[in-house]
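Reviewing the structure listed below.
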Amino acid sequence: MPTIVFVSPKGGAGKTTSALILAEQLARKTDVTVIDADPNHPIKTWAAGQKSLNRLQVTTDADEENMIERIEEAASQTPFVIVDLEGTAAKIVLLAISQADLVIIPTQGSQLDSKQAARALHVIKQQEKMSRRPVPYGVLLTRTSPIIRTRTMTHINTAFVEAGINVFETSLNEREAFRAMFSFGAPLADLDPREVSNLDKAIANAEAFAAEVIATLRKSRESLKTEEVEA
Ligand SMILES: Nc1ncnc2c1ncn2[C@@H]1O[C@H](COP(=O)(O)OP(=O)(O)OP(=O)(O)O)[C@@H](O)[C@H]1O
Ligand SMILES: [Mg+2]
Numbered sequence: 002m003p004t005i006v007f008v009s010p011k012g013g014a015g016k017t018t019s020a021l022i023l024a025e026q027l028a029r030k031t032d033v034t035v036i037d038a039d040p041n042h043p044i045k046t047w048a049a050g051q052k053s054l055n056r057l058q059v060t061t062d063a064d065e066e067n068m069i070e071r072i073e074e075a076a077s078q079t080p081f082v083i084v085d086l087e088g089t090a091a092k093i094v095l096l097a098i099s100q101a102d103l104v105i106i107p108t109q110g111s112q113l114d115s116k117q118a119a120r121a122l123h124v125i126k127q128q129e130k131m132s133r134r135p136v137p138y139g140v141l142l143t144r145t146s147p148i149i150r151t152r153t154m155t156h157i158n159t160a161f162v163e164a165g166i167n168v169f170e171t172s173l174n175e176r177e178a179f180r181a182m183f184s185f186g187a188p189l190a191d192l193d194p195r196e197v198s199n200l201d202k203a204i205a206n207a208e209a210f211a212a213e214v215i216a217t218l219r220k221s222r223e224s225l226k227t228e229e230v231e232a
């Protein structure tokens with residue numbers, strides 16, 4: 002049932018890549034619908050070439066008029082719904098956030114990117130006020146160096162944490178494998194380690210990310226239950 006929405010007003014922050022990494026991991030064990038609201042439909046194109054991943058469905062007809070209904074329909078059909086949006090702060094983003102059990106804000110490690118992440122957080126806060134319910138979210142650092150933690154990255158991470166902003170412990174490293182998923186049109190596990198360097202590390206990174214998402218969803222469900230009991 003959980004709906005996970007990828008949001009970032011900044012184009013190229015890593016929404017589509019991160020959404021596909023998560024969708025593909027989850028679809029190894031359960032049914033997943035991806036609502037591909039990126040106008041270029043990159044996830045639909047990717048999925049069209051898949052023979053083995055029959056637990057992953059992709060819909061592309063969500064727009065401002067029907068986003069809420071599309072999410073409701075998908076949530077009634079598959080245990081997980083993942084929404085990939087285009088990089089804007091348009092109304093469709095607010096609508097998708099209104100249905101989210103978890104919002105993921107992919108962010109690259111620059112000062113400019115973290116400003117954009119702050120804009121996304123503002124949209125989440127607005128939505129919380131509108132719906133009078135907490136919207137669980139996490140900032141996901143993307144394209145991080147697997148070898149060194151840059152000063153800028155450390156600085157950004159510290160600034161988020163000091164501001165009380167949730168940041169996923171797992172970051173998605175800059176990996177050729179994450180690009181190769183799209184260029185070869187294949188799931189990570191079907192890529193050829195002779196053609197794609199550090200494939201095993203990319204897979205371990207994807208698994209850690211999916212596990213943290215599941216743990217975060219579980220935690221927020223438990224804290225919602227506690228709030229209901231206390232109310
Ligand atoms: N972890 C990663 N490792 C390597 N390359 C990455 C990673 N994440 C994103 N990229 C690359 O960065 C570029 C932008 O990523 P992506 O398309 O996922 O961003 P987006 O937020 O969906 O962009 P848009 O706002 O245009 O939809 C792509 O070329 C993608 O291959
Ligand atoms: Mg995209």
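The letter at position 194 of the sequence shown is residue 195 when you use our numbering, and the numbering goes up by one with no holes. Beta carbons: idealized from backbone N, C-alpha and C, even for Gly.
Taking C-alpha positions only, Q58 is separated from Q109 by approximately 28 Å.
In this structure, the C-beta of K16 approaches ligand 2 to less than 7 Å from one of its heavy atoms. Beta-bridge partners assigned by DSSP to N174: T145. Look at V124 here: in three-state DSSP terms it is helix. At a Cβ-Cβ threshold of 8 Å, V124 and V94 count as neighbours.
Taking each of L27, I5, T17, N55 in turn and checking the Cα distance to I44, the smallest one comes out for T17.
Looking at I204, K226, S224, the one whose alpha-carbon comes closest to that of E25 is I204. Proximity to P3 across K92, W47, E74 peaks at E74, based on C-alpha coordinates. Of the residues assessed, T151 falls on the exposed side of the cut-off, its CB having fewer than 16 other CB atoms within 10 angstroms.
A distance below 8 Å separates the beta carbons of D32 and T79. Excluding its 5 nearest sequence neighbours in each direction, S132 has C-beta neighbours in its own chain below 7 Å: S99, listed in chain order.
Of the other Cβ atoms in all chains shown, fewer than 16 fall within 10 Å of the Cβ of R195; this residue is therefore exposed. Proximity of the beta carbon of P43 to ligand 2 is indicated: a heavy atom of the ligand is located closer than 7 Å.
CA-CA distance, K116 to E208, rounds to 28 Å.
Runs of the beta strand (DSSP E) spanning 3 or more residues and lying entirely within the stretch 7-34 do not occur at all. Annotated as distal: R176 and N158, with beta-carbon spacing of 8 Å or more. Between I5 and I69, the gap from beta carbon to beta carbon reaches 8 Å or more. With fewer than 16 other beta carbons inside 10 angstroms of its own, G12 counts as exposed.
Per the DSSP secondary-structure output, V104 pairs in a beta bridge with V6, Y138. Put simply, of K126, T153, V82, A118 the residue whose alpha carbon is nearest the alpha carbon of V140 is A118. Taking the Cα of S184 as reference, the smallest distance to any Cα among K30, A38, G50 is reached at G50.
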